[in-house]
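Colleague: Here it is, the structure, as structure tokens.
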Ligand code: SF4
């Protein structure tokens, strides 16, 4: 491997597109969604690890995310965790960092509350920090990963969840381990995607990690020969190499021809349109990244970015107040609003969208 440390958060991308580790890293992503995630993670950790009281931890949360934390559905997160000897508080391990040796399968704890500042690890170790681990009331161990954004790969196939399920399996030696993705909505409510892993599911996990490392080595060698194959997909979203990636640069170069094809509809086949649509979707994701990068640059150079016509590009603050419909309806109900009155407050707008579907199972997105 190229000397880069492989972390759990990059496992899915390393599996799907090893080439992303062979390209130069030209961008590090940070976004509102990431900041929201960090704030909520920190709040949960501080409360459950007992570093601060709920009120103290809440006071540290940036104002825009405070409402979510203040209304957090704790019972949805820790409601089935085993309690301490006094039966008062759940026993939870928070933010524990581990390394897994891909050759021996050995697991070692690196520390707690490290905030991703890992100590030195070996080239054959993969590292990661779990959010929460606890023994459930039914006696099984459970790892919970808190998510605050869009749904990620399902728990059953999620590399992060499988990594920590393997860690708990090795540390505690139980036949079954529960892996959970806990999604936090803006109103503090949560929903869970859970899978139960047994020791057979997890037995060959180090071998799968080994294969990923071998894929990274092969991509590195292919780069040396100038023949890197990339695999674009959802994992491109936060790829730090996207600006140097041949898929994205090639996509942009190829775009004018694709778009020109749209103007000559008579000559387009259904296959042509399918290809154009797939490229268009890729381009939308890339253009979002470009927009974020341009904003960051303009923010760092206020008043300095000039257009060819002499105008100057500025970052304009924008905002929108949103009403939480569910809460508003609940309040209206508590004041005695009737169903007919509530219905009168609801308006519906309709639109269509193009979506990739499995032709055999219409109704399910592919
Ligand atoms: S942007 Fe996507 S296709 Fe390109 S290197 Fe990154 S993960 Fe691979």
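Residue numbers (this note's numbering): 117 to 482. We put the beta carbon where it would ideally sit given N, CA and C, even for glycine.
For residue 308, which three-state DSSP category applies?
Modeller: Correct three-state label for residue 308: strand.
Colleague: For residue 392, name the three-state secondary structure that DSSP assigns.
Modeller: Three-state DSSP puts residue 392 in a helix.
Colleague: Which first and last residues belong to the beta strand (DSSP E) in which residue 295 is found?
Modeller: 292-300
Colleague: I'd like the span of the alpha helix (DSSP H) that includes residue 229, first residue to last.
Modeller: Premise fails: residue 229 is in no alpha helix (DSSP H) and is neither H nor E.
Colleague: Does DSSP put residue 463 in a helix, a strand or coil?
Modeller: If DSSP states are grouped into helix, strand and coil, residue 463 belongs with coil.
Colleague: Would residue 251 and residue 198 be called neighbours here (beta carbons separated by less than 8 Å)?
Modeller: Their beta carbons are under 8 Å apart, which means residue 251 touches residue 198 by this criterion.
Colleague: In terms of DSSP beta bridges, what is residue 249 paired with?
Modeller: 209 and 259
Colleague: Can you tell me whether residue 362 is buried or exposed? The criterion is at least 16 other CB atoms within 10 Å of its CB, across all chains shown.
Modeller: By the Cβ neighbour-count rule, residue 362 is exposed, with fewer than 16 other Cβ atoms within 10 Å of its own.
Colleague: Rounded to a whole number of angstroms, what is the C-alpha to C-alpha distance between residue 344 and residue 230?
Modeller: 35 Å
Colleague: Going by alpha carbons, who is nearest to residue 296 out of 290, 307, 288 and 289?
Modeller: 307
Colleague: Comparing the CB of residue 136 with every heavy atom of the ligand SF4, is any distance shorter than 7 Å?
Modeller: yes
Colleague: Identify, in the order they occur along the chain, each residue of the same chain with its Cβ nearer than 7 Å to the Cβ of residue 129, setting aside the five sequence neighbours on each side.
Modeller: Only 136, 351 and 355 meet the Cβ criterion.
Colleague: May I ask whether a heavy atom of the ligand SF4 can be found less than 7 Å away from the beta carbon of residue 395?
Modeller: no
Colleague: Can you list, in chain order, the residues of its chain whose CB lies under 6 Å from that of residue 183, leaving out five sequence neighbours each side?
Modeller: Within the same chain, no residue comes within 6 Å of residue 183 by CB-CB distance, once the 5 residues on both sides are set aside.
Colleague: Going by alpha carbons, who is nearest to residue 254 out of 280, 290, 353 and 204?
Modeller: If we check each option's Cα against that of residue 254, 290 comes out closest.
Colleague: Assuming residue 311 contacts residue 256 (C-beta within less than 8 Å), just tell me the rounded distance between them.
Modeller: Incorrect: roughly 12 Å between the Cβ atoms, too far for contact.
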